[in-house]
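Colleague:
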Amino acid sequence: MANKKMGLEVVSSAIISFSVFLLLASTTQAQSNCVFDVTKYGAGKDITEALTNAWKSACASTKASEVLIPSGTYWLRRVTLAGPCKAAIKLQVDGILQAPVDPDKLSGGHWVNFRYIDQFTLSGRGTFDGQGKVAWSKSTCQKYKDCDSLPMNIRFDFITNALVRDITSRDSKNFHVNVLGCRNLTFQHFTVRAPGESVNTDGIHIGRSTGIYINRFKNWHRR
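Count the sequence shown with mature numbering (1 follows the signal peptide of the UniProt record, and there is no 0) and you get residues -30 to -1, 1 to 193, in order.
#1: Alpha carbon to alpha carbon, what distance is there between residue 109 and residue 177?
#2: Less than 7 Å separating the beta-carbons of residue 24 and residue 49?
#3: What separation, rounded to the nearest whole angstrom, lies between the Cα atoms of residue 54 and residue 84?
#4: Grab me the residues of residue 144's own chain with a C-beta within less than 7 Å of its C-beta, minus the 5 sequence neighbours each way, in chain order.
#5: To the nearest whole angstrom, what separates the beta carbons of residue 96 and residue 59, a pair I think is in contact under 8 Å?
#6: Among all the DSSP beta bridges, which residues are the ones paired with residue 4?
#7: What residue from 154, 148, 4, 39 has the CA that sits closest to residue 162's CA?
#8: Exposed or buried, which one is residue 98 when buried takes at least 16 other CB atoms within 10 Å?
#9: Using three-state DSSP, classify residue 86 as helix, strand or coil.
#10: Please report how far the alpha carbon of residue 64 lies from the alpha carbon of residue 140, in whole angstroms.
#11: For the candidate residues 128, 38, 42, 52, whose alpha-carbon lies nearest to that of residue 62?
#12: Find the nearest neighbour of residue 47 within the set 87, 94, 16, judged by alpha-carbon distance.
#13: Between 20, 29, 157, 27, which has its C-alpha nearest residue 94's C-alpha?
#14: Could you check whether residue 155 and residue 129 sit closer than 7 Å to each other, using their CB atoms as the reference points?
#15: Please classify residue 104 as buried or exposed, where buried requires at least 16 neighbouring CB atoms within 10 angstroms.
#16: Can you tell me whether residue 131 is buried or exposed, with buried defined as 16 or more other CB within 10 angstroms of its CB?
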């Protein structure tokens, strides 16, 4: 009976924590009145520099801010979006971001890296497209243990009080997402799309983290 009661308390605590976090995220979104549109920072087909500069401006804002990537298809080279920021920050991705096809152009084992950010939201109906097909055909990791590991799509390192919502990760060259050293990070309506021939169809790897919630996760393997 005691074990049953303890289990109910743990579940109730998790539900309360999740509800409080969603309320915080909604409040942050409502207060986000500083919008930094990457198209105002010279974004063309390649938005790497524009995104980096828009992020720096938003991160320096003392008010809750939003970096906006509008609908469209864009090239994005390897990028790190880091804090700490002075206030809550949101990255709204409404477009399709395409990684370099050549894995040699993505050093460090990843494509997009979010680091040291508190009160962070990544949302929108956008897609992180790893364009992994060429890399899969060249990979030797399925045959040999001593091989060069291919880069993943997204890393979250040391992120706290964050929400990832309505985002799709597609055709990562390796597995899709790595979560390291994070606390109170929620994935809501997160979708992974990968064909059967990809070298690794894993969705989210989690290490040394607490309070990671995954709600309505989809992992689709195309044939």
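Glycine included, every Cβ here is placed at the ideal spot set by N, Cα and C.
Modeller: From the atom records:
#1: 25 Å
#2: no
#3: 11 Å
#4: 119, 120, 121, 122, 169, 170
#5: Between residue 59 and residue 96 the Cβ distance is about 16 Å, and since that is not below 8 Å, they are no contact.
#6: 35
#7: 148
#8: buried
#9: coil
#10: 15 Å
#11: 38
#12: 16
#13: 157
#14: yes
#15: exposed
#16: buried
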